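Asks:
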Amino acid sequence: DAGVIQSPRHEVTEMGQEVTLRCKPISGHNSLFWYRQTMMRGLELLIYFNNNVPIDDSGMPEDRFSAKMPNASFSTLKIQPSEPRDSAVYFCASGGGAGQPQHFGDGTRLSIL
Amino acid sequence: AQSVTQPDIHITVSEGASLELRCNYSYGATPYLFWYVQSPGQGLQLLLKYFSGDTLVQGIKGFEAEFKRSQSSFNLRKPSVHWSDAAEYFCAVGAGSGGGADGLTFGKGTHLIIQP
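Taken in order, these protein sequences are the chains called A and B. Note that our numbering numbers the first sequence so that position 8 is 8, with each residue one more than the last. Note that our numbering numbers the second sequence so that position 41 is 154, with each residue one more than the last.
#1: Are the C-beta of PHE65(A) and some C-beta of chain D separated by less than 8 Å?
#2: Who are the Cβ neighbours of ILE55(A) in its own chain at under 6 Å, not counting the five residues just before and after it?
#3: Kindly confirm or deny that the region 184 to 191 of chain B and the region 131 to 144 of chain B touch, where touching means at least three C-beta pairs closer than 8 Å.
#4: For the beta strand (DSSP E) containing ASP56(A), list its first residue and its last residue.
#5: On the criterion of 16 or more Cβ atoms from any shown chain inside 10 Å, does GLN6(A) qualify as buried, or is it exposed?
#6: Could you name the residues of the region 26 to 37 of chain A whose beta carbon sits closer than 7 Å to any beta carbon of chain B, in the order they occur along the chain?
#7: Considering Cα atoms alone, identify which of LEU160(B), SER139(B), GLN115(B), GLY154(B) is closest to PHE203(B).
#8: Using only CA atoms, which one of HIS29(A), ALA88(A), ARG36(A) lies nearest to ASN71(A)?
#9: Nearest chain A C-beta to GLY172(B) closer than 8 Å, yes or no?
#10: Suppose contacts are defined by Cβ-Cβ distances below 8 Å. Is PHE33(A) in contact with LEU157(B) by that definition?
#11: Less than 8 Å between CB atoms is the rule here; does LEU157(B) satisfy it with respect to chain A?
#12: Between the beta-carbon of LEU146(B) and the beta-carbon of PHE187(B), is there less than 8 Å?
#13: For TYR202(B), which beta-bridge partners are listed by DSSP?
#14: Compare the beta carbon distance of SER73(A) and LYS24(A) with 8 Å and say whether it is the shorter of the two.
#15: At the level of alpha carbons, what is the spacing between THR13(A) and GLY96(A)?
#16: So who's on the other strand from THR125(B), going by DSSP bridges?
#17: Check distances from the C-beta atoms of the region 140 to 157 of chain B to those of chain A and list, in chain order, the residues that come in under 9 Å.
#18: Starting from the N-terminal side, write out each stretch of the beta strand (DSSP E) that is 3 residues or longer and does not extend beyond the region 14 to 86 of chain A.
#19: Candidates ASN52(A), GLN80(A), ILE26(A): which alpha carbon is nearest ALA2(A)'s?
#20: How about LEU45(A) and GLY216(B): do their beta carbons lie closer than 8 Å?
#21: Identify, in the order they occur along the chain, each residue of the same chain with its Cβ nearer than 8 Å to the Cβ of ASP57(A), setting aside the five sequence neighbours on each side.
#22: Would the beta-carbon of ASN137(B) fall within 8 Å of that of THR118(B)?
#23: Check each residue of the region 196 to 207 of chain B: if its Cβ is closer than 9 Å to any Cβ of chain A, include it; give the result in chain order.
#24: Starting from the beta carbon of PHE164(B), find every residue of chain A whose beta carbon is closer than 8 Å, and list them in chain order.
Written out as structure tokens, the structure reads:
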């Protein structure tokens, strides 16, 4: 079975540009999570969806960050405008619901110059 | 709100020796606990999980963990480490539904170094 698929794997862009990260969850999973990993703060939950509905976005750092899940097989995390402090590895994970663990993608390594 | 503490940032172990990685959690109800492993440039792979029942849980790659409610701990163990076990290890706690439908709170991780 295919796991969680994230694209791109690496993104390098200049400050002020719009960045869009993409995620395809495991088929049949109805929960999707976006995390950010940095050396200073470790792994932080940004936002998660259940059945395509955003449940908790309290971890989204600023209004520059937004996430959507238009259908059960696709989600995006957008940063506009991007800043150097947004540089991090962004992970998407999906879960099969209550009592099931989360499965992670390989992440997107984002560098904002 | 829940929290996870991994007191050891780095641990160095000789190949073939036993391993214990510490994890302490804070959560007001029965926790759902996980250990994940991350190799460089990779995502997180689930090693094992505790949801309920037997407090000693077995995972992949020969790892096990023991849930001790009285100590709020969920330490990861392996009787004999291999060089391929060198990686970053994360302990996590999930609330409510056990992680599958709620976000996880992670510890800061323990970097495991294996000496030949």
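Backbone N, C-alpha and C define an ideal beta-carbon position, used for all residues, glycine too. Since the structure is predicted, the reported quantities are computational estimates derived from the model, not experimental observations.
Replies: Concretely, from the data shown:
#1: Chain labels in this structure do not include chain D; the protein chains are A and B.
#2: TYR48
#3: yes
#4: 53 to 56
#5: buried
#6: SER31, PHE33
#7: LEU160(B)
#8: HIS29(A)
#9: no
#10: no
#11: yes
#12: yes
#13: VAL150(B), THR223(B)
#14: yes
#15: 34 Å
#16: ILE226(B)
#17: TYR145, PHE147, TYR149, GLN151, GLY154, GLN155, GLY156, LEU157
#18: 19 to 24, 31 to 38, 42 to 50, 53 to 56, 65 to 71, 74 to 79
#19: ILE26(A)
#20: yes
#21: LEU46, ILE47, ALA67
#22: yes
#23: PHE203, ALA205, GLY207
#24: GLY99
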